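Here is the structure we will look at.
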Amino acid sequence: MPFLELDNLTKQYGHLYAVENVSLTVEQGEFISLLGPSGCGKTTTLQMIAGFVEATAGAIRLQGRDITHAPANSRGLGIVFQSYALFPHMTVAGNVSFGLEMQKVSKAERARRVDHALTLVHLDAYADRYPRELSGGQRQRVALARALVIQPPLLLLDEPLSNLDAKLREAMQFELRNIQQQVGTTTIMVTHDQAEAFSVSDRVVVMQSGKVMQIDTPYQVYEHPATDFISRFVGKTNMIPSAPGHPQRHIRPEKLRLVAAGSGRVNATVAERFFLGSQWFYHLTSDLGELTVTIPNDGSAPQAPGTVVGVQWDEANMRTLAEGRA
Amino acid sequence: MMAAAKKFSPVWLTLPSLALFLVMLMTPLTLTLLLSFNEYDNMKGAVGGFTLDHYWKVISDGFYLEIFWRTLKIGLLTTLICVVVGVPEAYILSRMNRPWRSLFLMIVLTPLLVSVVVRTFGWSMLLGFEGPINQLFVALGWGKSRLLYTEGAVIAALVHVMLPFMIIPVWTSLQKLDPQVEQAALSFGASRLTAITRVVLPQIMPGILSGGLIVFGLAASSFAIPGLLGGRRLKMVATTVYDQYLHELNWPMGASIAVILLLANLVVMLTCHRVVEGQYRRRLG
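Structure follows, in structure tokens:
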């Protein structure tokens, strides 16, 4: 019996399918990301699991119990909202303690667990502050502590890092994963950021137009995307033209190498060059059309624009995708 | 030169409102304050000089104290009923969907669109001895009762017109609320009622307090409604001031009562303001 099961979950608004026949099984302790562009139905799916949106059809089963139509306040899930949704009139400790109060946990036990949860997110020194006195990252961690303190069977994260600046977001990704592995709570995160989904999840569910397109490990999604759309959504890609009637071929920019002119599979001219710090990013023009190539910055001199170079790759890294396969 | 002109331009810009404030508000208030210290002569009216007699009379005479007490009571009751009716109304209003919300907001505002005289005569027809409410009472077998010229009539009419002043600030603070915060309370196991009392209400408290202040201030100094629905015997402070000025022709006495009413209102407002500042500034900004 799977820990969490979404069985043909569907949400219909009039004639419009926000979520269409989404099925997913999650094992205990897994970290799953729902990944997709805005409007793909990932947030609606999460809200149906949380109980804020009523499913039109299908079922949600948690630990074997059908919770499809259970009220939100009976599900006992831990939720981190996109806006954090902290209670602004309560201190950090008050916020974290709220869920325990609702469960009628004794005062002494509450104090102990609040303290423990705040230590987990490194905010034990901030218990008496009010949310507006905290930075974005600190608020985010209060929201996480508040969700974890009730020891929920399932932790739901709705774009938890999208309101943080880039550097903090990266740091929080790893912290989020560490904390999740420490407490072992089964987690579902909604995100539109593929890097975020890849770095923290055990498996990624890629959604498009309300449907699940692929469920796989991050590595598989990146290396073997099921569709053209996924290939583009989770990273950059080069389309290599093939003979008419044959399927489209794709290769990722970092799988291409620059070699001396004439010794590669094709010759190309450097059109533009961008320095990204850890790597160089090239736009090339070749007989195969425009190519993008990323080369690790290993300290060697980069190619100047206008230079003719050879482009080499391993045929094993070439992917064949059915165009627009659904 | 230019820099200096720029620096002073905000001052110039405030001149119109400053002039209005000084001429239309500060001058009459100061004159009233000065008048309240004037001595009074039965034959000649205000005769100048300086005396605190009128103030002393107001705070020592049971007749005036009763009027102040009644005004305070009616003001507080009106405010209380406005809170009890207006806050849930604002909450429901904020939860309504698009076409309905603006329609119902208009309906909430309608009392303000009707002239106070028309509105108040409407109430006196409704509550009159032969009015529809008494006819209903007769039909139900309860017999007629005197509804007009009671405190109840004044409070009902005050609540009717004051409700928008309660609903609008509460509605505004509800608009500022993150809807996810209420969802968060539910997701942590709170019942609907607990979510409202523990999470929504504390956050809209500043709105309720400012609405309450407006309602109390307007109700305590209301004139037309108690004048028309309270009758001759049921006096409130503002109607008493009017009587002193125009019937008794005791202008200094009227001025003293007006000044005391102003001070009492100021004390209530400043106290509330202090509470709001102390309680909510740190938390809600």
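Going down the list, the protein sequences come from chains L and H.
All letters in the first sequence, in the order written, are residues 1 to 326 by full-length UniProt numbering.
All letters in the second sequence, in the order written, are residues 1 to 285 by full-length UniProt numbering.
Built from N, CA and C at the ideal position, the CB exists for glycine as well.
If you're wondering where the values come from, they're calculated on a predicted model, not measured in any experiment.
Query, Result
"Supposed contact pair Pro305/L and Ala261/L - C-beta distance, whole angstroms, cut 8 Å", "The pair is not a contact, with the Cβ atoms about 15 Å apart (cut-off 8 Å)."
"Coarse secondary structure for Trp280/L, derived from DSSP in three states", "strand"
"Proximity below 8 Å, CB of Met236/H to CB of Arg98/H", "no"
"DSSP state of Gly324/L mapped onto helix, strand, coil", "Reliability fails at Gly324/L, whose pLDDT of 46 lies under 50, so the model's placement of it is uncertain and the value that follows must be treated cautiously. Three-state DSSP puts Gly324/L in coil, outside helix and strand."
"Range of the contiguous beta strand (DSSP E) that encloses His250/L", "248 to 251"
"The region 190 to 216 of chain H: positions lying closer than 9 Å to chain L by Cβ", "Ala190, Ser191, Arg192, Thr194, Ala195, Arg198, Val199, Pro202, Gln203, Met205"
"Proximity below 8 Å, CB of Val149/L to CB of Leu100/L", "yes"
"Whole-angstrom C-beta distance between Tyr222/L and Gly210/L, which should lie under 8 Å", "Gly210/L to Tyr222/L, Cβ: 23 Å. No contact."
"As assigned by DSSP and simplified to three states, the class of Gly62/H", "helix"
"Cutoff 8 Å: Gln244/H Cβ touching any chain L Cβ", "no"
"Distance between Arg249/L and Asp228/L (C-alpha atoms, nearest Å)", "10 Å"
"Cutoff 7 Å; reference Ser256/H; Cβ partners in own chain excluding five residues on either side", "Ser36, His54, Tyr55, Val58"
"Any C-beta of chain L under 8 Å from that of Gln175/H", "no"
"The region 167 to 182 of chain L in contact with the region 192 to 199 of chain L per 3-pair CB rule at 8 Å", "yes"
"Status (buried if at least 16 other CB within 10 Å, exposed otherwise) for Val138/H", "exposed"
"Residue range of the unbroken alpha helix (DSSP H) whose run includes Val237/H", "237 to 246"
"Straight-line Cα distance separating Trp251/H from Asp61/H", "18 Å"
"Ser173/H versus Gln180/H - alpha carbon distance", "15 Å"
"Reduced DSSP category for Lys211/L - H, G, I as helix; E, B as strand; rest coil", "strand"
"Where Gln312/L falls: helix, strand or coil (DSSP)", "strand"
"Proximity test, Cβ basis, 8 Å: Ile179/L and chain H", "no"
"Chain H contacts from the region 54 to 86 of chain L (Cβ-Cβ distance under 7 Å)", "Ala72, Asn73, Gly76, Leu77, Ile79, Phe81, Ser83, Ala85"
"8 Å Cβ cutoff, Gly99/L in contact with chain H", "yes"
"Where His89/L falls, given that 16 or more other Cβ within 10 Å makes a residue buried", "buried"
"Distance between His15/L and Val275/H (C-alpha atoms, nearest Å)", "52 Å"
"Straight-line Cα distance separating Ile32/L from Ile295/L", "31 Å"
"Within 8 Å of chain H by C-beta, residues of the region 150 to 173 of chain L in sequence order", "Ile150"
"Touch test, the region 181 to 191 of chain H against the region 72 to 84 of chain L, Cβ-Cβ under 8 Å, three pairs minimum", "yes"
"Asp7/L - containing beta strand (DSSP E), residue span", "4 to 13"
"Continuous beta strand (DSSP E) assignments of at least 3 residues falling wholly in the region 250 to 276 of chain L", "257 to 259, 266 to 275"
"Cβ separation of Asp165/L and Gln82/L, assumed to be a contact under 8 Å, to the nearest whole Å", "About 16 Å; that fails the 8 Å criterion."
"CB contact flag (Cys272/H, Leu213/H, <8 Å)", "yes"
"Neighbour-count burial assignment, Gln28/L, 16 or more Cβ in a 10 Å radius", "exposed"
"Cβ contact (3+ pairs, closer than 8 Å) linking the region 162 to 170 of chain H and the region 34 to 53 of chain L", "no"
"Proximity test, Cβ basis, 8 Å: Gln180/H and chain L", "yes"
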